[in-house]
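Residue numbers (the numbering used here), protein chains in the order written: chain A, 947 to 1393; chain B, 947 to 1393.
Working notes for the structure below.
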């Protein structure tokens, strides 16, 4: 009988090759695109002085559980290791960051700017477009409560989007203090109630205004609900100076609103001096961010042409990052780029399945040595080059170039070997040039 | 009472921040060095037309177990997931590659050149310098049995080492067929016995010649042992033409030896035409490689000044890669760079803990907006720049620059703001220049 867990083809005693539900392979074209995106954002982070750190995929379970919400505990990949320790795969990179900061506190100067690109694991119910292993690109500014950091995070998001070639995007800003202030004004004072209200408001785009009103009515009187939602749906549409004038009356409502709005004004003061397109960042009072730990400015980023995709870069300011591990109060602000989501939003028009621009094909085994020499010369001129490693019908070799998408094919035959020249074929135009020297070919390829 | 698994400081109810034994964090300087190495080798791989692929860290356990040796089964991180499936963390990237090729066979053209950079997990006994999670950089040439592929793998190893700035290294080549031929000559004919012999010979550098002789004597008569070891310790010391002449008599011993030596000669024929330093690759009959699946040419790479470090890049040719999953016979050849080992071998003289060359410091909150503008201009000129986000004593800000290792500090005060200029201090020479325009500063920084 066959074990339920082992899928084999009965006839051949082979195992059926398959991945776990919610986990995926990336074929070369997609993996290449992803690795390009990651190298672009890393470069942006480093340009701002954010440095990479690395933490293990596997941690003591208690490290991860303490800070996680109930939801996350259910989703945790938790098990006993060989030493009977309770261990778990990380579900985000923020809890490991808190552990890291506390553990290496004596080697770290604050403020500490770090980025981390890595995979995290969540045993969520499998859903279209949701994966159980996915990549996060976190960047955080730790150990400073200066509003300049909050402004810088927005700048990093902006520069990342631009560097990734995304032009039509909006960074939505809000401040938890503004939301607290609104709640307080309507008599919601307890932290727990405020959290519940924010969670409901946060769902407005998902479940619609009517349902939000209904849910809120259970907690606040009906007249206030409407007024409250009106305030919570305030959004900056045009010029920021005008916008801040229009909402300045809210500063008189209470201190939370006053501080919250003034903090965003300070962020704007720094940003407005920069060469950033001012239409790309806007205040939006309805942004609450699901996670409980934000305490100040919060961000979401949407693609203007694909709002339905959700936020591709979110974050905010949090106090007391490392509270589970240390009594030192460390504040921080950061965000995370959802690289898998971004990748899925990008059209991949290119038919190229290879990094090599040129394929060299030989007619005869004796040509390999010459072919490898030419390939070496091309590569040293920064022209990625591949040699077809077998002697095959020329048609088959050309069809390999066609399916992989090489731009050029170099053909080596007896003539070429004798004259120390090559034949170069442009795979797009179909044009073929005979009798080229290697140097001349490189010039053509560099054009 | 306190749970045995949960380490907390009793007084404060805090969790002690700690990593699992055999797992490690990387602080910025080390993480940065590693990420540089990885980006260098990726570029080399892509220059040869190797493309990245990605497979999950977590797989169905049966996929990983079938192909693994007993040793590896003991070391596997295996557990039940939320759906009660038997799952495991990958212990290498070759088994997932075999699964990948079989699963996506209809989307993959052979020959298929892929690289994969990722972490693997082995629950080995904790040892100094051995980790339970470590990074592998695999590159493989799948689906061609041409000897040109074997030559190319050596070329990729060579170009990787050069690109990594390593000059003193040796790539040791051997062929499993040569070892089989030697065994057969001395009457060892069964595969199992051959494997045992090779495993013993492979340990010669570790346990010494005497112990090897003793162990071999249990299987072969004493006179033959000595002769056999003499052959197995043949090593190319000088010119390759001379070397192949000297050992040509072995080709007459049997067909395995003949084919094995001729394959290496073919590899040399391709390589000798290239601009590769000929002293960097040498034949060494004692290289056997532990893993059972190699069938042809095998490689190891050692650093000439740090032989004790062991091999930093090993691999070889294997037949029938995907035999667990498919009846198609797919041959391949590849190698894996041990990036953690290489990293540990490199001196890190640099005191720089940051990617930013410049730190901008402000005397007053009103300077932030100007400081951020200058930082933006620097960054757009490809000068990575950081702004100190708080107003602090100037001494404290300079000490931050000193400990992080910024090359330059820009000081912004009221004077600078008024005149639209900056003051630039070279942190190495201590020289300070006042009244610079941003443009002039960029020129100086670019020099």
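C-beta atoms are modelled at their ideal positions from N, C-alpha and C, and glycine is treated no differently.
- Taking the Cα of residue 1335/B as reference, the smallest distance to any Cα among 1387/A, 1279/A and 1308/A is reached at 1279/A.
- Closest option to residue 1124/A, judged by alpha-carbon separation, among 1207/A, 1362/A and 1307/A: 1207/A.
- As summarised for the region 968-1006 of chain A, the continuous beta strand (DSSP E) elements at least 3 residues long and confined to that stretch are 1004-1006, given in chain order.
- DSSP places residue 1284/B outside both helix and strand once states are collapsed to three, so it counts as coil.
- The criterion of a C-beta distance shorter than 8 Å is satisfied by residue 980/A and residue 1285/A.
- Residue-level contact by beta carbon holds for residue 1300/A and chain B, with a gap shorter than 8 Å.
- In this structure residue 1358/B is in contact with residue 1313/B, their Cβ atoms being roughly 4 Å apart against a cut-off of 8 Å.
- A direct Cα-Cα distance of roughly 11 Å separates residue 1181/B from residue 1190/B.
- Residue pairing by DSSP places residue 1121/A opposite 1243/A in a beta bridge.
- In this structure, residue 1085/A places its C-beta atom within 8 Å of the C-beta atom of residue 1061/A.
- A Cβ-Cβ contact shorter than 8 Å links residue 1047/B with residue 1276/B.
- Closest in alpha carbon position to residue 998/B, among 1258/B, 1087/B, 1135/B and 1077/B, is 1087/B.
- Contacts with chain A at 8 Å (Cβ-Cβ) do not include residue 1052/B.
- Residue 1170/B: not part of any beta strand (DSSP E); member of the alpha helix (DSSP H) spanning 1168-1178, first to last residue.
- Take the alpha-carbon of residue 967/A and the one of residue 1071/A: they are about 10 Å apart.
- Membership of residue 1364/A in the alpha helix (DSSP H) is indicated by the continuous run 1360-1365.
- Spatial neighbours of residue 1303/B in its own chain (CB-CB distance under 8 Å, excluding positions within 5 residues in sequence) are listed in chain order as 1329, 1330, 1331, 1352, 1353, 1354 and 1391.
- When C-alpha distances from residue 1035/A are compared across 1008/A, 1305/A, 1343/A and 1222/A, the shortest belongs to 1008/A.
- Only exposed fits residue 1153/B, as fewer than 16 other CB atoms lie within 10 angstroms of its CB.
- The alpha carbon of residue 1083/B has as its nearest neighbour, out of 1297/B, 1370/B, 1338/B and 1258/B, the alpha carbon of 1258/B.
- Secondary structure of residue 1164/B (DSSP, three-state): coil.
- By the CB criterion at 8 Å, residue 1242/B and residue 1215/B fall outside the cutoff.
- Residue-level contact by beta carbon holds for residue 1033/B and chain A, with a gap shorter than 8 Å.
- Per the Cβ contact rule, the region 1025-1032 of chain B is not in contact with the region 1254-1274 of chain B (fewer than 3 Cβ pairs under 8 Å).
- Under the 8 Å criterion on CB atoms, residue 1314/A is classed as interfacial with respect to chain B.
- When 7 Å is used as the limit between beta carbons, residue 1261/B is near no residue of chain A, the shortest such separation being about 16 Å.
- Ranked by Cα distance from residue 987/B, the options 1103/B, 1250/B and 1380/B are led by 1103/B.
- Residue 1049/B has a beta carbon lying within less than 8 Å of a beta carbon in chain A.
- Residue 1371/A is bridged by DSSP to 1355/A and 1378/A.
- Counting along the chain, no alpha helix (DSSP H) covers residue 1263/A; the unbroken beta strand (DSSP E) around it starts and ends at 1259-1264.
- In the three-state reduction of the DSSP assignment, residue 1302/A falls in the coil class, being assigned neither a helical nor a strand state.
- Contact fails between the region 1218-1228 of chain B and the region 1140-1154 of chain B, because fewer than three Cβ pairs, one in each stretch, are under 8 Å apart.
- Under the three-state reduction of DSSP, residue 1011/A is assigned to helix.
- At a C-beta separation below 8 Å, residue 1234/B has no neighbours in chain A, since its nearest C-beta there lies roughly 25 Å away.
- Residue 1119/A is positioned such that its CB atom lies no closer than 8 Å to that of residue 1240/A.
- Apart from the 5 residues on each side of it in sequence, residue 1161/A sits with its Cβ closer than 7 Å to the Cβ of 1146 in its chain, given in chain order.
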